[in-house]
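Q:
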Amino acid sequence: MKYAVFWTNTALSDLKAIHGYLLEITDRATATRLIKDIRQATRLLPEQPRMYAIFPESAAQVRHITVHAWRLLYIVDDAQRTCRVLSVTHAARQFP
Numbered sequence: 407m408k409y410a411v412f413w414t415n416t417a418l419s420d421l422k423a424i425h426g427y428l429l430e431i432t433d434r435a436t437a438t439r440l441i442k443d444i445r446q447a448t449r450l451l452p453e454q455p456r457m458y459a460i461f462p463e464s465a466a467q468v469r470h471i472t473v474h475a476w477r478l479l480y481i482v483d484d485a486q487r488t489c490r491v492l493s494v495t496h497a498a499r500q501f502p
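Quick note on numbering: our numbering labels position 44 of the sequence shown as 450, and the sequence is numbered without any gaps.
(1) Does the contact criterion of 3 or more C-beta pairs under 8 Å hold for the stretch 490-499 versus the stretch 407-424?
(2) State yes or no: is the C-beta of residue 498 nearer than 7 Å to some heavy atom of the ligand HEM?
(3) Note the first and the last residue of the continuous alpha helix (DSSP H) segment covering residue 427.
(4) Can you tell me whether residue 471 is buried or exposed? The criterion is at least 16 other CB atoms within 10 Å of its CB, across all chains shown.
(5) Hey, is residue 475's beta-carbon within less than 8 Å of any beta-carbon in chain B?
(6) Going by DSSP, what residues sit across from residue 496 in a beta bridge?
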């Protein structure tokens with residue numbers, strides 16, 4: 407059975423902020439394409455939720471996907487058969 411992929415409000419807010427930032431530094435078509443690429447990065451999760459590595463800075467089983475200069479953090483819930491995208495941050499961001 408496939409897993410459902412959900413984006414948290416935080417992750418959706420991150421996408422909106424990233425899009426706004428990209429519009430400041432590039433053209434609309436490029437900004438829109440990058441956001442589409444970020445969203446499309448989760449397309450394989452329903453079939454292969456563990457295909458990406460566990461985020462090394464995470465104490466929990468948080469996994470990460472890198473798309474261009476951006477990192478999506480997500481968690482797999484086997485009981486609910488879901489993947490929740492927790493946040494989208496710049497890949498250079500340091501975590502405590």
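Just so you know, even glycine gets a beta-carbon here, dropped at the ideal spot from N, CA and C.
A: From the atom records:
(1) yes
(2) In terms of ligand content, the structure shown is empty, and the ligand HEM therefore cannot be addressed.
(3) 415-431
(4) buried
(5) Here chain B cannot be found, since the structure has a single protein chain.
(6) 476
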